[in-house]
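Taking it in order: structure first as C-alpha cells, then the write-up.
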Amino acid sequence: MTLQAKNLSYRTRTGEVLVDSINMELKSGEVVGVLGPNGAGKTTLLKMLSGELAPTSGEVRIAGERLPELAHAERALHVAVLPQAGTLTFPYPVIDIVLLGRLPHRHRSSARTDRRIAFRCLEQVEAEHLAERSYPTLSGGEKQRVQLARILAQLESAHTENLSEKYLLLDEPTSALDLSHQHQVLESARSMASRGAGVLAILHDLNLASQYTDRLLVLHGGKAAAEGPAGVILEPVMIQRVYGVEAVINNHPRLGCPLVSTTGKKEVLSER
Amino acid sequence: MNEATLPGTVGMKAHPSTDTVGSWLRQRRHRRIITLIVLTFVLVGVATLGISMGAVSLSLEQTFAILLERVGISTGVDYTRSQETVLLSIRLPRVLLGVLVGATLSISGAAIQGLFRNPLAEPGLIGTSGGAAMAAVWAIILTKAIAGEVGSDLIRWIVPCAAFLGSLLVTWFVYRLSCSMGRVQVATMLLAGVAITTFSFAVMGLAMFVADDSQLRTITFWTLGSLAGATWQSLLIATPLMLAAVIGLPLLARSMDALALGEAEAFHLGVPVQRVRNMTILLVAMAVGASVALTGIIGFVGLIVPHILRLLIGPDNRTLLPAAALLGAALLAASDLLARTIAEPAEMPLGVVTAFIGAPYFLWILLKNRERGGLF
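Line by line, the protein sequences are chains A and C.
Each step along the first sequence adds one to the number in our numbering, with nothing skipped, and position 55 is 55.
All you need for our numbering is the position in the second sequence, starting with 1, plus 1000.
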C-alpha cells in the first residue's frame, strides 16, 4: 500500500518551476522526512501529494488509484494533512475542532465513538485539559497540537487499530512547539506509523529528522538533492551544497543516529 | 504538563476525562435545544403582538377569533368587518413578510460570515443588498420606460429577478476580489463592500434624478427599507426564494464549520469547497435579492443576530443557522412593530429603526475586539 508520486512537477503561471520531476513513494508503516531550505518546494510538493494543488505534470496515486479520481469524502478517509498555521476567528471550543476531524466518518461512526476518539487523540498530544477552551485563546504551540489531534482523529477508525492505507502529511509539525512537545509530536507520528500509517513530515531540524524518520528526501530548488536513510545521506558535502552551511556529523552517543552540528558560512565561534 | 498534575493543585480540578467532556457536551446540547425552543416562543409572541397592535386596535381574543374563523372555527367573540380586513389583508401579510425577511437576512448574515470566515461580513456591509437595490431600481425605471403602463404587472416579477441578479453578481465579485490563495482579505472585503454600497446609492440617486414623481416615492423606499408594501401577492412571489435559503443553508452547516478552519483544511476533510461556496452564494443572493425587492435595504440585522447568538450558544452552524433564522424573524417583527407604533399614525422607516440599534452595536463589537487585539 503506497502513496506514490510519479514525475511530479509544478510550474507557476509565470513559468517558475517550484517542484521539478519528483518521484517518491510513501509506504505503509514508514516515516519519511522532507528537508530543504526555504523556498525549496517542500510545501508545494506536500500540497500536490494531498490533492490540494493539481500538478502541472506527473501524477499522484493512492493504492494505485489516481488522486483526482477519488471522491472528496473517500480521499479524506485516507489522507490527512496538518497545514502550516491556519486562521480561525470563531470561538469554537477545542473539542469541536477535534470532532471536525471526524467529518469524513459522518455516516459510518456514532457520535459516541467520535467523542471517544476525539478525546483519545487530545490525550495523545497532551491537550485533553484544553478540551473545553476556546480555540482562538490558545497559544501557538497549543493550537498546533490541537490541529494534530484533529488529523489524528480523522484517520482513526472505530473498527480497527490498523492504519494501513492511511497517510499523514505534516507541514512543519514542530515549528511552534517547545522541545518536549517536538519530541512528543514526532513520537505520535512514529506510533501512527507502527500501526501501519505512512507519515510524511516537512522538518527543519536535521537532528529531529535523523532521530525519527526512516528515510529523508532533501529538496533543493524544486529538485531532489538527496534521498535515503539519514545515516547515509546526512553528510557535510550535501548539507554545504543544499543549505550553504558548514556541518560536522557525529554519531548520537545514545541513539547512534547522525548528530548534526552546523556553523554559519563564517565560523564566528572559532574566532571568538 | 497540565495544572492537575502539579503538586498542590491535585484535587482542585478533576483531571478531565471522556466523561467530563461528554457531560459538558451534553449540557451544551441541552442549552442549545432550550435556546431554540425559547426563540420559537418569542417569535410566536412577537408575531401575535404584531398582528394585533396598530392604528386599528384589536384585542388578542379578537385576533385569534378572526384567525380561527378563517379555518372554520367559530368562537363567538365580536369583531367588526373593518377589523377583519385590516388584520387579514394588511397586518397578517406584513407580519409574515417581516418574519420571512428577518429570518432570511439573519441566516444569510450567518452564512456569509461562515463563507468569509469573519464575523464582520453581512449582506448589507459587503454590498449584496446594495447590488440588489441598484438592480431593482433600474429594473423599475427601464420597464416603465420600455413597456409603459403595461409594465406595472410585469414589474412585480421583474424586480425580484433583477434584485437577485444584482446581489448574485455583487456577492460573487466581492468574494473573488477579497479571496486570494484561499484566504479572505478582510480589509478588501469591507472596503469593496463600502465601494459597492456607495456606488449603488449613487446609481439610485441618478435614478431619482431621472424618475418621475410616482416613481420617486417607490425609489426612496429602497434606501430606507419598509414592510409597508406587503401584500399577499408579493409574498407569493418572494416566499419560495426566501424559504430556499432558510431551509437550504442549514443543510450546509457542517461544511461551513469545516470551512471556518480554512479552505484548504475543509478540502482535506473531504468538503467539496467549491460546491459549498457556490451554493451559499447562490442561496444568499436569491434570498437577499428577494427580500430587498420587497422591503428595500434593511441593514445590520444580518450582523447583530448571528453575533448575539455566537455569544449565547457558540459558533456551531448546526444550531447557529436555525437560531439565527428564529431570532432574526422575531427581531425584525419587533422592529417593525416599533416603527409603526412609535409615532402613530405616522410610520417610521424600518431601516431607520434597525440602523439605530445596529450601528452602535457594530461599533461596540469593534471596541470589544480592539481590547482583544483586533479582528483581523
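No residue lacks a Cβ here, since even glycine has one placed at the ideal position from N, Cα and C.
What you are looking at is a predicted structure, and each value in this text was computed from that prediction instead of being measured.
- Contact between Ala1285 (chain C) and Met1189 (chain C) does not hold, since the beta-carbon distance rounds to 16 angstroms and is not under 8 angstroms.
- Residues of the same chain with a CB within less than 6 angstroms of the CB of Leu200 (chain A), apart from the 5 flanking positions on each side, are Leu26, Val32 and Leu169 in chain order.
- Within the model, the alpha-carbon separation for Thr1075 (chain C) versus Ile1066 (chain C) is close to 9 angstroms.
- The three-state secondary structure of Val1056 (chain C), taken from DSSP, is coil.
- The C-beta of Glu1265 (chain C) comes closer than 8 angstroms to at least one C-beta of chain A.
- If only complete runs of 4 or more residues are kept, the region 87 to 162 of chain A shows the alpha helix (DSSP H) at 94 to 100, 111 to 124 and 140 to 155, in order along the chain.
- Taking a Cβ-Cβ cut-off of 9 angstroms, the neighbours of Arg1117 (chain C) in chain A comprise Thr87, Leu88, Thr89 and Phe90, given in sequence order.
- DSSP places His220 (chain A) inside the beta strand (DSSP E), whose first and last residues are Arg215 to His220.
- DSSP, reduced to helix, strand and coil, places Ser50 (chain A) within a helical segment of the structure shown.
- Only Ser50 and Glu52 from the region 32 to 54 of chain A bring a Cβ to less than 7 angstroms from some Cβ of chain C.
- Contact between Ala73 (chain A) and Ile151 (chain A) does not hold, since the beta-carbon distance rounds to 16 angstroms and is not under 8 angstroms.
- Put simply, of C:Ala1333, C:Pro1345, C:Ala1355 and C:Ala1339 the residue whose alpha carbon is nearest the alpha carbon of Gly1045 (chain C) is C:Ala1333.
- Residue environment for Lys1368 (chain C): exposed (fewer than 16 other C-beta atoms within 10 angstroms of its C-beta).
- Note on His1030 (chain C): under 16 other CB atoms within 10 angstroms of its CB, so exposed under the neighbour-count rule.
- Rounded to the nearest whole angstrom, the C-alpha separation of Ala1136 (chain C) and Ala1230 (chain C) is 17 angstroms.
- As the crow flies, the alpha-carbon of Leu1326 (chain C) is around 19 angstroms from that of Arg1028 (chain C).
- Taking the beta carbon of Leu1367 (chain C) as reference, no residue of chain A falls within 9 angstroms; the closest one sits roughly 17 angstroms away.
- The Cβ atoms of Ile1141 (chain C) and Ala1211 (chain C) lie closer than 8 angstroms to each other.
- Judged by DSSP in its simplified three-state form, Ser1017 (chain C) adopts coil rather than helix or strand.
- If you look at Val260 (chain A), you'll find it in the beta strand (DSSP E) that goes Pro258 to Thr263.
- Listed in chain order, the alpha helix (DSSP H) runs fully inside the region 1228 to 1278 of chain C are 1232 to 1251, 1253 to 1260 and 1263 to 1268, counting runs of at least 4 residues.
- Under the Cβ criterion of 8 angstroms, Pro68 (chain A) is not counted among the residues facing chain C.
- Here DSSP, grouped into helix, strand and coil, assigns Leu177 (chain A) to coil.
- When Cβ pairs closer than 8 angstroms are counted between the two stretches, the region 45 to 63 of chain A is seen not to touch the region 132 to 147 of chain A, the count staying below three.
- In this structure, the beta-carbon distance from Ala1293 (chain C) to Ala1132 (chain C) falls below 8 angstroms.
- Non-local C-beta neighbours of Ala1139 (chain C) in its own chain, meaning closer than 6 angstroms and more than five positions away in sequence, comprise Ile1158, Val1159 and Ala1162, ordered along the chain.
- Taking 9 angstroms as the Cβ-Cβ cut-off, the region 215 to 242 of chain A has no residue approaching chain C.
- The distance from the Cβ of Gly1130 (chain C) to that of Ser1200 (chain C) is about 4 angstroms, consistent with a contact at the 8 angstroms cut-off.
- At a cut-off of 8 angstroms between beta-carbon atoms, Asp96 (chain A) makes contact with chain C.
- Beta-bridge partners of Asp171 (chain A) (DSSP): A:Ile202.
- For the set C:Ile1034, C:Ser1291 and C:Leu1168, the Cα lying nearest the Cα of Ser1234 (chain C) is the one of C:Ser1291.
- For the region 147 to 160 of chain A, the beta-carbon criterion of a distance under 9 angstroms to any beta-carbon of chain C is satisfied by Gln147, Arg150, Ile151 and Gln154.
- Counting other Cβ atoms within 10 Å of its Cβ, Asn1118 (chain C) reaches 16 or more and is therefore classed as buried.
- According to DSSP, Asn23 (chain A) shares a beta bridge with no other residue.
- Exclusion of the five residues before and after Arg61 (chain A) leaves Gln4 and Leu67 as the residues of its chain whose Cβ lies within less than 7 angstroms of its Cβ.
- For Glu246 (chain A), the enclosing beta strand (DSSP E) starts and ends at Glu246 to Asn251.
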